[in-house]
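Here's the structure we're looking at; comments come further down.
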Amino acid sequence: MINKKVNSVQEALHDVQDNVTIMLGGFGLCGIPENSIAELVRKEVKNLTCISNNAGVDDFGLGLLLQKRQIKKMISSYVGENAEFESQMLSGELEVELVPQGTLAERCRAAQAGIPAFFTPAGYGTEVAIGKETREFNGKMHVMELAFKAEFSIVKAWKGDTAGNLIFKGTARNFNPAMAGAGKITIAEVEELVEAGTLDPNQIHIPGIFVQRIFQGEKYEKRIEKRTVRARN
Amino acid sequence: MLTKEDIAKRIAQELKDGYYVNLGIGIPTLVANYIPEGINVEIQSENGVLGMGPFPFEGEEDADIINAGKQTITTLAGASFFDSATSFGMIRGQHVDLTILGAMEVSEKGDIANWKIPGKMVKGMGGAMDLVASAENIIVAMMQVNKAGESKILKKCTLPLTGVGCVKKIVTELAVIEVTPKGFKLLERAPGISVEEIIASTEAELIIDGEIPEMKIN
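Residue numbers (the working numbering), protein chains in the order written: chain A, 99 to 331; chain B, -14 to 203.
Here's what the structure looks like:
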């Protein structure tokens, strides 16, 4: 067994420096690497390029890094719900690349799987396709999209073991599996870290080969963005 | 004139047994409340769940189980969770039978604009571009006119496009309109609304073929 365990978030993120590109898992505030984001804020690393489906809310998730102006560029599919983001984008302070959500996921997966580029119909005929190669397959037009390149992938899982194997829960899975192994170094934070051999190999969602460092997060707030309930009866 | 709930009820009549359906944010989400009896459909949410159920009871919300609108949800028997790349594989691979989404504008060629108002609103396209580029069957749920009273059903879209030549049908508070190779065709009118009223609030030409029946909403 190759041991991927590190003892703290500080150790896991020790070599994350200014000007790097980082992929971060999560959809809205669901399944985000909370402890790692807090550590990035504490480290005060700057000029980051962040690849993440969303940009958090004003005071949680990646919104915390935006507040401190640590992000130079965001690559996302949807950035509503964040006033700080909007003002930095409109003032030109923050560079933003909007990518269709399926293309975003596939650009992560392509990076993970060693595929440099792929064709997708998404965005054909729109401003997303401007400047990109297009090609017809089976009578339909497609746009060529490139795999992402990132120094780090930071993902969050429910359970993990010391070999780096990961299991996700519910819709907190989202972008995390496709980002694992997509960056040069993948850091996984988990709610529960167990000894290798404890988890059933049949139930592993992401094999440890895609993960370089794993640690158990100190605490998880798991903030709910839109609490919606129905009345009993 | 139909309420938003009525629009959802009318669209629910388009559901067929065995359909996998993706519902966008807004009116489309309401369609889940009016699935006709005897029809089994599974609702896909692009953040990674198939078999979405109703909102949870108070106190039973789980931060790890949400829909694409970031609302807490539950799952039904037979549900599954998956990652985003797999989710869009379902969409791009045309395994989802019907996509229902909102729009700011639709053109007579079936082009749709719903993600950006230059200089005013840029929230991003989310999954909309992937959905409209791949889905075979797309229904738009929206109001016939915008807040300024301008028609959203146009000869040509004025806003940045989300996709080209993809919308098949539109259901608004006034009418059901089909996108045909010859342009928009009026299929049904809302109860109490005349064909003239629909024409008056539509910028594009409408093909009117014979008597236009009134929608049936229960």
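A virtual CB, placed ideally from N, CA and C, is assigned to each residue, including glycine. The structure presented is a predicted model; accordingly, all values stated were derived computationally and were not measured.
| Residue from A:246, A:215, A:304 and A:238 with nearest C-alpha to residue 267 of chain A | A:304
| field | beta strand (DSSP E) segment containing residue 327 of chain A, residue limits | value | It is not in any beta strand (DSSP E) - residue 327 of chain A carries neither H nor E in the DSSP assignment.
| field | Bridge-paired residues (DSSP) for residue 65 of chain B | value | B:35
| query | What residues in its chain sit with their C-beta under 6 Å from that of residue 89 of chain B, if we drop five residues either side in the sequence? | reply | 98, 99 and 144
| field | chain A residues whose Cβ lies nearer than 7 Å to that of residue 32 of chain B | value | 125, 269 and 272
| message | Any beta carbon from chain A within less than 8 Å of residue 67 of chain B's own beta carbon? | response | yes
| Using a Cβ cut-off of 7 Å, which residues of the segment 36 to 49 of chain B contact any Cβ in chain A, in chain order? | 39, 40, 41, 42, 43, 46, 47, 48 and 49
| field | Inter-residue spacing [alpha-carbon to alpha-carbon] between residue 68 of chain A and residue 81 of chain B | value | Limits of chain A in this structure are 99 at one end and 331 at the other, which puts residue 68 of chain A out of reach.
| request: Hey, could you find the ends of the alpha helix (DSSP H) residue 185 of chain A is sitting in? | output: 181 to 188
| Cβ contact (3+ pairs, closer than 8 Å) linking the segment 164 to 176 of chain B and the segment 250 to 263 of chain A | no
| message | Taking 8 Å as the threshold (beta carbon to beta carbon), is residue 55 of chain B in contact with chain A? | response | yes
| What is the residue span of the beta strand (DSSP E) that residue 194 of chain A lies within? | 193 to 196
| query | Less than 8 Å separating the beta-carbons of residue 174 of chain A and residue 109 of chain B? | reply | yes
| said: By alpha-carbon positions, which one of B:106, B:48 and B:86 ends up nearest to residue 29 of chain B? | reply: B:86
| message | Quick check: what's the CA-CA separation for residue 67 of chain B versus residue 75 of chain B? | response | 10 Å
| task | Enumerate in chain order the residues of its own chain whose CB-to-CB distance from residue 154 of chain A is below 6 Å, with the five nearest sequence positions on each side excluded. | result | 160 and 161
| query | How is the beta strand (DSSP E) around residue 314 of chain A delimited, first residue to last? | reply | 311 to 314
| query | By Cβ distance, which residues of its chain are closer than 6 Å to residue 107 of chain B, with the 5 residues on each side in sequence left out? | reply | 101
| For residue 166 of chain A, does the count of other Cβ atoms within 10 angstroms reach 16, so buried, or fall short, so exposed? | exposed
| said: Measuring only the C-alpha atoms, how far is residue 284 of chain A from residue 189 of chain B? | reply: 52 Å
| message | Between which residues of its own chain and residue 72 of chain B is the CB-CB distance below 6 Å, once the five residues before and five after are set aside? | response | 31 and 33
| query | Three or more beta-carbon pairs under 8 Å between the segment 120 to 127 of chain A and the segment 313 to 327 of chain A, yes or no? | reply | yes
| query | What residue range is occupied by the uninterrupted alpha helix (DSSP H) comprising residue -8 of chain B? | reply | -11 to -3
| said: Taking the alpha helix (DSSP H) that residue 133 of chain A belongs to, which residues open and close that run? | reply: 132 to 141
| query | Contact between the segment 254 to 274 of chain A and the segment 214 to 230 of chain A: three or more CB pairs below 8 Å? | reply | no
| query | What is the DSSP secondary structure of residue 259 of chain A, reduced to helix, strand or coil? | reply | strand
| What did DSSP end up calling residue 60 of chain B once you bin it into helix, strand or coil? | strand
| query | Which bits of chain A does residue 114 of chain B rub up against, with CB to CB less than 7 Å? | reply | 198, 220, 221, 224 and 226
| task | Reducing DSSP to helix, strand and coil, say where residue 150 of chain A ends up. | result | coil
| said: Mapping the DSSP letters down to three states, classify residue 120 of chain B as helix, strand or coil. | reply: coil
| Would you say residue 108 of chain B reaches chain A, if we count a Cβ-Cβ gap shorter than 8 Å as a contact? | yes
| said: Three Cβ pairs or more, each shorter than 8 Å: is that satisfied between the segment 200 to 219 of chain A and the segment 5 to 12 of chain B? | reply: no
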